[in-house]
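Trainee: Provided herewith is a single structure, encoded as structure tokens, for subsequent inquiry.
In full-length UniProt numbering, the protein residues as written are 1 to 339.
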């Protein structure tokens, strides 16, 4: 299951057009990356929940699942149900075996097959995929004991001595037994509610460390920072094959990746990504760290660095954009701290 019902308030106004998992990211919906990771882990069918812009989210999911050859199950939530309630809404679909739940607004291209194997061998109710806490971030911690058992999440749970704090990636593997600890209705948090009840009832909830690039794209700054990381080669994506954002692109000598029908008549300082049908006019300068989504246009005299221009958006002559997301008439500040 990919969680797709969030409101995306921190990314407004972009999320007035796209739900977060449907957001364009280097020429394709973010959901495409999730499906590639899940398919590589052995997933054979996908479910999503929708709430915000449900028709848009469902249309993108149907197109991407058809492309990936994965059957899709959709449940709409007229009233948002939270992470636990969202999973509960797909109970009929998920109850015939262990399943993966994946947050829809992250980039985490890792091999999940070892996690599935560990989960199934342990007999755990759930296995949370963890990483060391990112430096400078304030995410709520998942606390493990020395045997790798989760004992507290965001300050909730039975606790214990000698616990170590970890960062939850937004990916977990679950047994259908998890439904026994869910409320029958209403909004519910899987981490702070369902898992806490399960742990207090003596159920085993495990944590497993999986190193690899991880990013939460939930704010303008984090979205743009993730673009910078991919363009700079800091993200291992080649194993995704055709689902890599750079698959099917032509790389120029200046570090520019270009999709079909992209035009570069101006100057580029790589790394730069030019989506299908995008154009940089003579006299314009783009880069480093610029991505143009399909159909984006940069007029003569414009100057862009460390910026993303969304589909069918025009950057006017004389505009100078840095650490910005541009969509239509919007110019959204996306400061890149420490970069």
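Glycine included, each C-beta is placed from N, C-alpha and C at the ideal position. Quick caveat: nothing in here was measured; it's all calculated off a predicted structure.
Between residue 109 and residue 243, what straight-line distance do the alpha-carbon atoms span, to the nearest angstrom?
Mentor: Looking at the two C-alpha atoms, the distance is approximately 11 Å.
Trainee: Which of the three DSSP states is assigned to residue 257 in this structure?
Mentor: Of the three classes helix, strand and coil, the one that applies to residue 257 here is strand, per DSSP.
Trainee: Given this structure, state the Cα-to-Cα distance separating residue 57 from residue 162, to the nearest angstrom.
Mentor: Roughly 43 Å between the two C-alpha positions.
Trainee: Between the stretch 277-291 and the stretch 249-266, do at least 3 Cβ pairs fall closer than 8 Å?
Mentor: Counting Cβ pairs under 8 Å, three or more are found: they touch.
Trainee: What did DSSP end up calling residue 135 once you bin it into helix, strand or coil?
Mentor: Note: residue 135 maps to coil in three-state DSSP.
Trainee: Could you tell me if residue 132 is buried or exposed, where buried requires 16 or more neighbouring beta carbons within 10 angstroms of its beta carbon?
Mentor: Result: exposed.
Trainee: In this structure, what does DSSP give as the bridge partners for residue 168?
Mentor: 130.
Trainee: Look at the alpha carbon of residue 232 and the alpha carbon of residue 217, and state the distance between them as a whole number of angstroms.
Mentor: Cα to Cα, residue 232 sits roughly 17 Å from residue 217.
Trainee: At which residues does the alpha helix (DSSP H) containing residue 181 begin and terminate?
Mentor: Careful: residue 181 lies outside any alpha helix (DSSP H) and carries neither H nor E.
Trainee: Per DSSP, what kind of secondary structure is residue 310 in: helix, strand or coil?
Mentor: Residue 310: coil per DSSP, three-state reduction.
Trainee: To the nearest angstrom, how far is it from the Cα of residue 317 to the Cα of residue 197?
Mentor: When rounded, the distance between both Cα atoms is 59 Å.
Trainee: Under a three-way DSSP split, which group does residue 91 fall into?
Mentor: In this structure, residue 91 counts as helix in the three-state DSSP scheme.
Trainee: At which residues does the beta strand (DSSP E) containing residue 141 begin and terminate?
Mentor: It spans 141-144 - the beta strand (DSSP E) in which residue 141 sits, taken as one unbroken run.
Trainee: Look at the alpha carbon of residue 221 and the alpha carbon of residue 302, and state the distance between them as a whole number of angstroms.
Mentor: One C-alpha to the other measures close to 22 Å.
Trainee: Determine, using beta carbons only, whether residue 254 and residue 270 come nearer to each other than 8 Å.
Mentor: Cβ atoms of residue 254 and residue 270: closer than 8 Å.
Trainee: I'd like the ranges of any beta strand (DSSP E) spanning at least 3 consecutive residues and lying wholly in the stretch 1-87.
Mentor: Entirely contained in the stretch 1-87, the beta strand (DSSP E) runs reaching 3 residues are, in chain order, 46-50, 72-76.
Trainee: Can the beta-carbon of residue 224 be found less than 8 Å from the beta-carbon of residue 230?
Mentor: No, Cβ-Cβ distance for residue 224 and residue 230 is not below 8 Å.
Trainee: For residue 173 and residue 115, which I take to be in contact (beta-carbon distance under 8 Å), what is that distance rounded to the nearest angstrom?
Mentor: That pair is a contact at about 6 Å.
Trainee: Flag this pair as yes or no: are the beta carbons of residue 106 and residue 27 separated by less than 8 Å?
Mentor: Taking 8 Å as the Cβ cut-off, residue 106 and residue 27 do not qualify as a contacting pair.
Trainee: Whose C-alpha, out of 30, 136, 49, is nearest the C-alpha of residue 337?
Mentor: The shortest C-alpha separation from residue 337 is found at 136.
Trainee: Starting from the N-terminal side, write out each stretch of the beta strand (DSSP E) that is 3 residues or longer and does not extend beyond the stretch 176-243.
Mentor: DSSP runs (the beta strand (DSSP E)) wholly in the stretch 176-243: 205-209.
Trainee: Let's see if you can read the secondary structure: which residues bound the beta strand (DSSP E) around residue 331?
Mentor: Run containing residue 331: 330-333, per the beta strand (DSSP E) assignment.
Trainee: Could you tell me whether the stretch 144-164 touches the stretch 195-211, using the rule of 3 or more Cβ pairs below 8 Å?
Mentor: Yes: the two stretches touch, three or more of their Cβ pairs being nearer than 8 Å.
Trainee: How about the stretch 40-57 and the stretch 123-131: do they share at least three Cβ pairs that are nearer than 8 Å?
Mentor: These segments do not touch.
Trainee: On the DSSP letters alone, give me the boundaries of the beta strand (DSSP E) that residue 322 sits inside.
Mentor: Start and end: 320-327.
Trainee: Quick one, are the C-beta atoms of residue 168 and residue 142 less than 8 Å apart?
Mentor: Closer than 8 Å, so yes.
Trainee: Would you call residue 22 buried or exposed, if buried means 16 or more other Cβ atoms sit within 10 Å of its Cβ?
Mentor: So residue 22 counts as buried.
Trainee: Residues in the same chain with beta-carbon distance under 6 Å from residue 118, minus the five sequence neighbours each way, listed in chain order, please.
Mentor: Excluding positions up to five away in sequence, the list reads 208.
Trainee: Would you mind working out which of 245, 20, 179, 327 sits nearest residue 90, comparing C-alpha positions?
Mentor: Here the closest residue by C-alpha is 179.
Trainee: Distance, Cα to Cα, residue 81 vs residue 203?
Mentor: Whole-angstrom Cα-Cα distance: 24 Å.
Trainee: Using DSSP's beta-bridge definition, name the partner residues of residue 156.
Mentor: The partner list for residue 156 (beta bridge, DSSP) reads 153.
Trainee: Span of the alpha helix (DSSP H) holding residue 272?
Mentor: It is not in any alpha helix (DSSP H) - residue 272 instead sits in the beta strand (DSSP E) that spans 272-274.
Trainee: Near residue 219, which residues of its chain fall below 6 Å by C-beta distance, leaving aside the five closest residues on each side in sequence?
Mentor: Result list for residue 219: 10, in chain order.
Trainee: Within the continuous beta strand (DSSP E) that includes residue 101, where are the two ends?
Mentor: 99-103 is the span of the beta strand (DSSP E), which, as asked, contains residue 101.
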